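Residue numbers (our numbering), protein chains in the order written: chain A, 97 to 242; chain B, 97 to 242.
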């Protein structure tokens with residue numbers, strides 16, 4: 097399988113300096129994209145929510161199976177059956193509220209990532225693609241900290 | 097900004113041989129992950145929906161602004177304010193119904209990608225992260241083919 101190369105389009109600036117589980121709902125982050133992508137944000141202010149796609153650059157190795165958040169109430173599952181960071185490709189997606197757009201910067205609320213994390217894409221939240229009314233999840237997911 | 101390297105974890109097998117807009121709801125696709133990741137799928141069968149993260153390998157260049165689907169009812173917007181493929185990093189996410197899990201394969205319904213597309217991640221759909229009740233979108237999104 098061929099290697100894929102990509103470059104960050106920008107970075108996050110916020111007050112989250114250490115990893116933790118959950119409790120990010122009120123965090124305000126700024127995402128600063130490279131100035132050459134300033135116009136690529138045109139019209140993003142017409143959305144209430146965006147999906148931030150980022151590279152978890154602190155993850156140095158992957159697990160095949162994993163107990164999410166080390167929580168004893170939670171089973172060991174495959175890494176592709178949870179949202180934990182230690183994935184073969186440590187790419188994550190987080191849906192957040194968009195607060196402001198100015199030039200090459202957006203301000204968002206609820207982002208759960210470390211200051212300085214490289215951003216690889218920003219996508220508007222489209223309910224047609226992203227909203228599932230009747231999703232079934234295993235009960236253990238409700239034991240986790242969000 | 098440093099380059100990021102990743103490797104596909106698998107590939108899609110389906111009957112979609114040419115790109116088109118919309119009408120993928122009934123398409124059945126098989127995702128075959130590398131055998132070394134077989135156990136990374138343990139427990140995925142407990143979910144009704146998964147998010148497929150993939151590399152749009154047919155995209156050769158990016159746009160800064162773009163008229164989605166070339167639809168004359170739709171404005172020209174920044175590429176980060178739509179879900180079109182010509183992004184700086186052509187990574188896409190599609191949420192689909194999970195039909196079956198057997199060994200290193202899953203079968204899904206509604207995937208909108210070409211046969212042979214490289215898969216870079218599979219994530220379970222967690223409503224806590226992925227479901228927004230009150231998302232606001234610009235009206236033009238409703239003019240597109242889904």
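Ideal Cβ placement from N, Cα and C applies to all residues, glycine included. Predicted model, so just to flag it, every value in this text is computed and none were measured.
Chain A within 8 angstroms of residue i, Cβ atoms only
{"i": "residue 245 of chain B", "result": "Not covered by the structure: residue 245 of chain B. The range shown for chain B is 97 to 242."}
{"i": "residue 128 of chain B", "result": "no"}
Contacts of residue i in chain B (Cβ-Cβ under 8 angstroms)
{"i": "residue 143 of chain A", "result": "177, 231, 232, 233 and 234"}
Per-residue contacts from residue i into chain A (C-beta, under 7 angstroms)
{"i": "residue 149 of chain B", "result": "187"}
{"i": "residue 237 of chain B", "result": "222"}
Burial state of residue i (16 or more Cβ within 10 Å)
{"i": "residue 117 of chain B", "result": "exposed"}
{"i": "residue 110 of chain A", "result": "buried"}
{"i": "residue 133 of chain B", "result": "buried"}
{"i": "residue 226 of chain B", "result": "buried"}
{"i": "residue 115 of chain B", "result": "exposed"}
{"i": "residue 120 of chain A", "result": "buried"}
{"i": "residue 140 of chain A", "result": "buried"}
{"i": "residue 172 of chain A", "result": "exposed"}
{"i": "residue 101 of chain A", "result": "exposed"}
{"i": "residue 138 of chain A", "result": "buried"}
{"i": "residue 98 of chain A", "result": "exposed"}
{"i": "residue 248 of chain B", "result": "Because chain B in this structure spans residues 97 to 242, residue 248 of chain B falls outside the shown range and cannot be described."}
CB contact below 8 angstroms: residue i versus chain B
{"i": "residue 135 of chain A", "result": "yes"}
{"i": "residue 138 of chain A", "result": "yes"}
{"i": "residue 184 of chain A", "result": "yes"}
C-beta neighbour in chain D for residue i, strict 8 angstroms
{"i": "residue 103 of chain B", "result": "Of the protein chains in this structure, namely A and B, none is chain D."}
Closer than 9 angstroms at the beta carbon, the chain A residues around residue i
{"i": "residue 160 of chain B", "result": "132, 133, 134, 135, 136 and 138"}
Discussion item. Give me the subset of the region 108 to 123 of chain B whose CB atoms are less than 9 angstroms from a CB atom of chain A, sorted by chain position.
Written reply: none
Item to complete: Could you please tell me which residues of the region 212 to 227 of chain A, in chain order, have their CB closer than 8 angstroms to any CB of chain B?
Response: 214, 216, 217, 218, 219, 220, 221, 222, 223, 224, 225, 226 and 227
Discussion item. Please list, in chain order, the residues of the region 171 to 182 of chain B that have any C-beta partner in chain A closer than 9 angstroms.
Written reply: 171, 172, 173, 174, 175, 176, 177, 178 and 179
Item to complete: Indicate whether the contact test is met: 3 or more Cβ pairs, each with one atom in the region 144 to 157 of chain A and one in the region 195 to 214 of chain A, closer than 8 angstroms.
Response: yes
Item to complete: Decide if the region 161 to 178 of chain A is in contact with the region 190 to 207 of chain A; the criterion is three or more beta carbon pairs, one per stretch, under 8 angstroms apart.
Response: no
Worksheet entry | Cβ contact check for the region 213 to 220 of chain A and the region 99 to 106 of chain A: 3 or more pairs under 8 angstroms | yes
Worksheet item: Hey, is the region 182 to 195 of chain B in contact with the region 219 to 238 of chain A, meaning 3+ C-beta pairs nearer than 8 angstroms?
Response: yes
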